[in-house]
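A.B. asks: Below: one structure in structure tokens.
Residue numbers (the working numbering): 15 to 183.
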């Protein structure tokens, strides 16, 4: 029997487990196995909060680069006593690319993939502060395996007043 894990870790990103006539890849606890059954992606999807205030950031922001091949989703779903969400960006540095194809931060009004696109960022854009028009917001962060920078950090708070003005998305 050949140990497939002996050469190049069997093509596995993290852990290669050899078995008779085969092998399997697995990931460290902070990652999940991607569809190709070899790559590991950051486990940050599925975090849903009903807290009226909070903080969301890429891992280690701003002290070290974000993780390669991240596909993260945070959903802020506030109680019905709130009408909108204010997002206050502390900083942002995401790989610059045409159409943000190598990495991006996307803000959606609603809690699913078909929700209305509010904004999409990459590079060193300054997002400042923005107010959404709903009490439910989806925040998606995606990265590739090329250049990784600091990522992003934001604080949010639920607002009881109706959205208004130039900062409304």
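C-beta: ideal position from N, C-alpha, C; glycine also.
(1) Looking at C-alpha atoms only, which residue of 171, 172, 116 and 163 is the closest neighbour of residue 74?
(2) Would you call the CB atoms of residue 121 and residue 111 closer than 9 Å?
(3) So what does DSSP say about residue 83, is it helix, strand or coil?
(4) Beta-carbon within less than 6 Å of residue 138's beta-carbon, same chain only, minus the 5 sequence neighbours each way: which residues are those?
(5) Tell me whether residue 131 is buried or exposed, calling it buried when 16 or more other Cβ atoms sit within 10 Å of its Cβ.
(6) What would DSSP say about residue 104, mapped onto helix, strand or coil?
(7) Do residue 149 and residue 96 have their C-beta atoms within less than 9 Å of each other?
(8) Write down the C-beta distance between residue 153 and residue 88 rounded to the nearest angstrom, noting that I regard them as a contact closer than 8 Å.
(9) What is the DSSP secondary structure of residue 114, reduced to helix, strand or coil?
(10) Applying the criterion that 16 or more other CB atoms from any shown protein chain within 10 Å of the CB defines a buried residue, is residue 151 buried or exposed?
(11) From residue 25 to residue 69, what distance separates their C-alpha atoms?
(12) Give the DSSP bridge partners of residue 144, in chain order.
C.D. replies: Quick look at the numbers:
(1) Nearest to residue 74 by C-alpha distance, out of 171, 172, 116 and 163, is 163.
(2) The Cβ atoms of residue 121 and residue 111 lie no closer than 9 Å to each other.
(3) DSSP, reduced to helix, strand and coil, places residue 83 outside both helices and strands of the structure shown, so it counts as coil.
(4) Within the same chain, 107 come within 6 Å of residue 138 by CB-CB distance, once the 5 residues on both sides are set aside.
(5) Counting C-beta atoms within 10 angstroms of its own C-beta, residue 131 has fewer than 16 neighbours from the protein chains shown and is therefore classed as exposed.
(6) Strand, per DSSP.
(7) Against a cut-off of 9 Å, the Cβ pair of residue 96 and residue 149 comes out as a contact.
(8) Contact between residue 153 and residue 88 holds: their C-beta atoms lie close to 5 Å from each other, under 8 Å.
(9) It is helical.
(10) Per the 10 Å Cβ criterion, buried.
(11) Their Cα atoms are separated by approximately 36 Å.
(12) Answer is 101, bridged to residue 144.
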